[in-house]
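Going by our numbering, the sequence shown opens with residue 1039, and the numbers climb by one from there. C-beta atoms are modelled at their ideal positions from N, C-alpha and C, and glycine is treated no differently. Since the structure comes first, as structure tokens, the remarks are kept for the end.
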Amino acid sequence: MEKITSFTIDHLRLLPGVYVSRKDKAGDAVITTFDLRMTRPNFEPVMNTAEMHTIEHLAATFLRNHPLFGEKIIYFGPMGCRTGFYLLIAGDYSSQDIVPLMRDLFVFIRDYQGEVPGACAKDCGNYQDMNLNMAKYLADKYLREVLDNIADDRLIYPADQTPE
């Protein structure tokens, strides 16, 4: 079997960043999949499920209610390796196009106060697996170390690894 595109990226060279993972056609529409890499694969500890679950709930709520992007959000969810998230947006976008949205999103998570949206038995299948404090810590770390002064090497996969 042929490797899928995400398995052709050299995860030993991949740094935390905002990357276009792929662009797909759905009829006449383009769907852009972003790799929101929050930890360095195989070098840093992976995120625990509780904080990832919390980030997922907060991010999905923020993004789907966003005045400009809300109707374009297809999916936001965790990577199985627990080093980041995938964001799928209807439209043909570059990584740079969504950096302001990602800054707003992670400021929202970092500063969030109150009950996590959907964190109850009626709304979620594993509502007790949440860690708001750690989600806020990771959001702040991603803002400071990646999003606040993002460089080109954090926006495009390593040169010989760029998906088509």
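Residue of the options minimising C-alpha distance to residue i
i       : options                            : result
Leu1101 : Ile1112, Met1117, Asp1135          : Ile1112
Phe1144 : Glu1040, Asp1178, Thr1070, Glu1094 : Asp1178
Pro1105 : Gly1118, Asp1142, Gln1134          : Asp1142
Leu1170 : Met1140, Leu1193, Ala1088          : Ala1088
Gly1118 : Met1039, Ser1044, Glu1040          : Ser1044
Tyr1175 : Asp1066, Thr1077, Ser1059, Asp1048 : Thr1077
Arg1075 : Pro1083, Thr1121, Asp1048          : Thr1121
Status (buried if at least 16 other CB within 10 Å, exposed otherwise) for residue i
i       : result
Tyr1057 : buried
Ile1042 : exposed
Met1090 : buried
Tyr1180 : buried
Tyr1195 : buried
Ala1064 : exposed
Pro1138 : exposed
Ala1189 : exposed
Alpha-carbon spacing of residue i relative to residue j, whole angstroms
i       : j       : result
Arg1051 : Asn1103 : 35 Å
Leu1185 : Met1085 : 18 Å
Arg1192 : Asp1135 : 13 Å
Asp1167 : Glu1183 : 26 Å
Cutoff 8 Å; reference residue i; Cβ partners in own chain excluding five residues on either side
i       : result
Phe1114 : Glu1094, Ala1097, Ala1098, Leu1101, Phe1123, Tyr1124, Leu1125, Leu1126
Val1068 : Lys1061, Asp1062, Ala1128, Gly1129, Asp1130
Ala1159 : Tyr1165
Close-in-space but distant-in-sequence residues of the same chain around residue i (CB under 7 Å, 5 per side omitted)
i       : result
Gly1156 : His1095, Cys1162
Range of the contiguous beta strand (DSSP E) that encloses residue i
i       : result
Tyr1113 : 1111 to 1116
Asp1062 : 1055 to 1064
Gly1075 : Sequence check: residue 1075 is Arg here, not Gly. Run containing Arg1075: 1067 to 1075, per the beta strand (DSSP E) assignment.
Ala1128 : 1122 to 1128
Own chain residues within Cβ distance below 6 Å of residue i, not counting five before or after
i       : result
Gly1204 : With the chain covering only 1039 through 1202, there is no way to say anything about residue 1204.
Opening and closing residue of the alpha helix (DSSP H) in which residue i lies
i       : result
Ala1088 : 1087 to 1102
Asp1190 : No alpha helix (DSSP H) contains Asp1190, which DSSP labels as neither H nor E.
Phe1146 : 1133 to 1149
Proximity test, residue i beta-carbon vs the ligand MG heavy atom, cut-off 7 Å
i       : result
Gly1163 : For the ligand MG, the structure offers nothing, since it holds no ligand at all.
Chain C contact for residue i (CB, 8 Å cutoff)
i       : result
Cys1158 : The structure shown contains no chain C; it holds only a single protein chain.
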